[in-house]
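Peer 1: Below you'll find the structure I mean.
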Amino acid sequence: MPYLITALREFTSSAMNLVFPPSCVHCSREGSLLCHICVAESTPLLKNVCRKCAEPLAKAGTCARCSTEKSPIDRLYGSFLYETPVGSAIEALKFDDVRSLGGVLGEMFDVEGLRRSDADLIVPVPLHKSRLRSRGFNQSAVLARRLAGRMDIEFRDDALVRTGERVPQSEQPTALARERAMSGAFAVKSSSVAAFADKRILLVDDVFTTGSTVKACASALKSAGASWVGVAALAVQPIGALK
Ligand SMILES: [Zn+2]
Ligand SMILES: [Zn+2]
């Protein structure tokens, strides 16, 4: 039945596209949901950043904070800066329910770079149940499914679950407070633990900001036996931009 609904939704949306051609969610130019100019203007993440938190550095490496704390994240693969058209497209996907953007955005990950991670499994950051109910879909799962298809590796979105209360991140005053609020908010279902033992996991998130959410996810995956956890984030908003 969900398949039928998806198929019907896709048919309706392609029929609608014939009557009303889509326009770019960022600049309103007609023709596609994210036009080629806005794709070209979406700035890729700089190369000289911390490989665990994307903090700008003089040269690529690990920042002082990530070197001293024991981050459960082994590597962050950020694609674009959030303050560019790709950020508007992620917002339109999430808040305006433009689901067809999921496919467009899922194509924007650097698959060749991500293949070098040698990941065995792709897992999306789960949404809290109440948020999933109100939004109707998990945007990170939409991106992750497309990425897994392109990389031809296994996709699991039923194993990592959000167990904690949903605390709005914006209400947490500092990065440390956000981290504390998130820690322990995720768990791997006991029936799925075996699937993660000694596996290299690529965790997919739409936007990486402070990293508190993905760190909590990565801790749960490591507790379940994952040997390595990398994060593929389509957009990155460096912490410096929030100060
Ligand atoms: Zn555009
Ligand atoms: Zn760092």
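Using numbering that gives the first Met the number 0, the first residue of the sequence shown is number 0, and each one after it goes up by one. All C-beta atoms, glycine included, are put in the ideal place defined by N, C-alpha and C.
Determine which residues share a DSSP beta bridge with Ile200 and list them.
Peer 2: Answer by DSSP bridge pairing, in chain order: Leu120 and Val228.
Peer 1: State the Cα-Cα distance for the pair Ile89 and Val122, rounded to the nearest angstrom.
Peer 2: Their backbone Cα atoms lie some 19 Å apart in a straight line.
Peer 1: Look at the Cβ atom of Leu92, then the Cβ atom of Gly101, and state whether they are nearer than 8 Å.
Peer 2: The answer is yes: Cβ separation under 8 Å.
Peer 1: Taking C-alpha atoms, which residue in Val203, Thr208 and Phe195 lies nearest to Tyr81?
Peer 2: The shortest Cα separation from Tyr81 among Val203, Thr208 and Phe195 belongs to Thr208.
Peer 1: How many angstroms separate the CA atom of Asn47 from the CA atom of Leu220?
Peer 2: Approximately 28 Å, taken between the alpha carbons.
Peer 1: Quick check on this structure: which residue in Leu75, Cys49, Asp109 and Val38 has the alpha carbon closest to the alpha carbon of Thr83?
Peer 2: Among Leu75, Cys49, Asp109 and Val38, the Cα nearest to that of Thr83 is on Val38.
Peer 1: Quick one: is Arg161 buried, meaning 16 or more other Cβ sit within 10 Å of its Cβ, or exposed?
Peer 2: With 16 or more Cβ atoms within 10 Å of its Cβ, Arg161 is classed as buried.
Peer 1: For the candidate residues Val213, Met107, Lys128 and Ser139, whose alpha-carbon lies nearest to that of Ser41?
Peer 2: Nearest option by C-alpha distance: Met107.
Peer 1: Going by C-alpha distance, which of Ser218, Ile72, Gln236 and Leu159 is nearest Val230?
Peer 2: Comparing Cα positions, the closest option is Ile72.
Peer 1: Would you identify the three-state DSSP class for Glu53, choosing helix, strand or coil?
Peer 2: With the sequence shown as reference, residue 53 is identified as Ala, and Glu is not the correct amino acid for it. In the structure shown, Ala53 sits in coil (DSSP, three-state: anything other than H, G, I, E or B).
Peer 1: Which residues have their C-beta within less than 7 Å of a heavy atom of ligand 2, listed in chain order?
Peer 2: The set, ordered by position in the chain, is Cys49, Lys51, Cys52, Glu54, Thr61, Cys62, Arg64 and Cys65.
Peer 1: Could I get the ranges of all uninterrupted alpha helix (DSSP H) runs contained in the stretch 71-135, with 4 residues as the minimum, in chain order?
Peer 2: If we require 4 residues or more, the alpha helix (DSSP H) runs fully inside the stretch 71-135 come out as 84-94, 100-105, 110-114 and 128-134.
Peer 1: Would you call Cys26 buried or exposed, if buried means 16 or more other Cβ atoms sit within 10 Å of its Cβ?
Peer 2: It counts as exposed.
Peer 1: Would you identify the three-state DSSP class for Arg64, choosing helix, strand or coil?
Peer 2: In this structure, Arg64 counts as helix in the three-state DSSP scheme.
Peer 1: In angstroms with no decimal places, state the Cα-to-Cα distance between Glu29 and Arg145.
Peer 2: Between Glu29 and Arg145, the C-alpha separation is close to 25 Å.
Peer 1: From this set, Ala194, Phe79, Glu111 and Ala223, which residue's C-alpha is nearest Phe185's C-alpha?
Peer 2: Closest option to Phe185, Cα to Cα, is Ala223.
Peer 1: Verify the contact flag: Cys37, CB atom, against every heavy atom of ligand 1, threshold strictly below 7 Å.
Peer 2: Correct: Cys37 has its Cβ closer than 7 Å to ligand 1.
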